[in-house]
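Q:
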Amino acid sequence: RKEVEQDPGPFNVPEGATVAFNCTYSNSASQSFFWYRQDCRKEPKLLMSVYSSGNEDGRFTAQLNRASQYISLLIRDSKLSDSATYLCVVRSTDKLIFGTGTRLQVFP
Amino acid sequence: DGGITQSPKYLFRKEGQNVTLSCEQNLNHDAMYWYRQDPGQGLRLIYYSQIVNDFQKGDIAEGYSVSREKKESFPLTVTSAQKNPTAFYLCASSPDPQGGGYTFGSGTRLTVV
Numbered sequence: 001r002k003e004v005e006q007d008p009g010p011f012n013v014p015e016g017a018t019v020a021f022n023c024t025y026s027n028s029a030s031q032s033f034f035w036y037r038q039d040c041r042k043e044p045k046l047l048m049s050v051y052s053s054g055n056e057d058g059r060f061t062a063q064l065n066r067a068s069q070y071i072s073l074l075i076r077d078s079k080l081s082d083s084a085t086y087l088c089v090v091r092s093t094d095k096l097i098f099g100t101g102t103r104l105q106v107f108p
Numbered sequence: 001d002g003g004i005t006q007s008p009k010y011l012f013r014k015e016g017q018n019v020t021l022s023c024e025q026n027l028n029h030d031a032m033y034w035y036r037q038d039p040g041q042g043l044r045l046i047y048y049s050q051i052v053n054d055f056q057k058g059d060i061a062e063g064y065s066v067s068r069e070k071k072e073s074f075p076l077t078v079t080s081a082q083k084n085p086t087a088f089y090l091c092a093s094s095p096d097p098q099g100g101g102y103t104f105g106s107g108t109r110l111t112v113v
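So the protein sequences, as listed, match chains F and U.
Heads up: the first sequence at position 63 corresponds to 63 in the numbering used here, and the numbers run straight through without jumps.
Heads up: the second sequence at position 104 corresponds to 104 in the numbering used here, and the numbers run straight through without jumps.
This is the structure:
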């Protein structure tokens, strides 16, 4: 079983739609959690950290459920520029473990 | 501006050759990491270093070597022992080995010809 699992997608949504991505992790001792965004043929960039209390950054909301070992990312009012691959990332001890990513394509 | 620089952007290697990928950061970060990404796959950890003159193997270290003689620099050598080296290589750094996210360089695309 992979340490971090994501649905690869693609998720094809129209502009203005709300879309949600989910991620599960296997190590219950994992300490911190992140969502990264990766554009095609580019490096990953930190989108946001994920906290147990949930956190919001503009149109993006991240949630963590430690009991279920589940992380989510919600994007409201999708823009064309949101088209990218979203990586779920978990810290275990001294390194980050990356999921394979969920691809989002927003169309006009 | 602070950042992390990888060079070259594209690299072509003949079979049997060793090549070295450069990674330099001016963020004053203690920890540095090398990942490999293959098409349609996630990032896989090759080597990492939490402090100067010390480094650890990641999940796929075979056929690779690193050094960390300076805080700013963490070069990766892809040796001829690496059987399938064609990939996108990403270097990252972090201010705190125990927490926080990473800052990535823009990557090196290595192709074996």
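Beta carbons: idealized from backbone N, C-alpha and C, even for Gly.
Bear in mind that the values here come from a model prediction, so they are computed numbers and not experimental data.
#1: If you compare alpha carbons, which of S26/F, C40/F, Q6/F and L80/F is closest to P108/F?
#2: Looking at the structure shown, is L11/U part of a helix, part of a strand, or coil, going by DSSP?
#3: Quick check on DSSP: helix, strand or coil for D38/U?
#4: Report yes or no: is there a C-beta of chain U within less than 8 angstroms of the C-beta of S49/F?
#5: So L43/U contacts chain F; which residues on that side make the cut at Cβ distance below 7 angstroms?
#6: In this structure, does DSSP put D39/F in helix, strand or coil?
#7: Is Y64/U close to chain F, meaning its C-beta is less than 8 angstroms from at least one C-beta of that chain?
#8: Would A62/F be called buried (16 or more neighbouring beta carbons within 10 Å of its own) or exposed?
#9: Going by DSSP, name the residue or residues bridged to Y102/U.
#10: Could you pull out every residue in the same chain whose Cβ sits closer than 6 angstroms to the Cβ of A31/U, ignoring the five residues on either side in sequence?
#11: By how many angstroms is the C-alpha of Y47/U removed from the C-alpha of T93/F?
#12: For A20/F, is the classification buried or exposed, using 16 other Cβ atoms within 10 angstroms of its Cβ as the cut-off for buried?
#13: What is the DSSP secondary structure of I52/F, counted as helix, strand or coil?
#14: Considering just the uninterrupted stretch of the beta strand (DSSP E) at T61/F, what are its terminal residues?
#15: Determine contact between the region 22-30 of chain U and the region 27-35 of chain F, defined as no fewer than three beta-carbon pairs at a distance below 8 angstroms.
A: Let me spell this out:
#1: L80/F
#2: strand
#3: coil
#4: yes
#5: F98
#6: coil
#7: no
#8: buried
#9: Y102/U pairs with nothing; no bridge assigned.
#10: Q50, S94 and P97
#11: 15 angstroms
#12: exposed
#13: One detail in the question is off: residue 52/F reads as Ser in this sequence, not Ile. Three-state result, S52/F: coil.
#14: F60 to N65
#15: no
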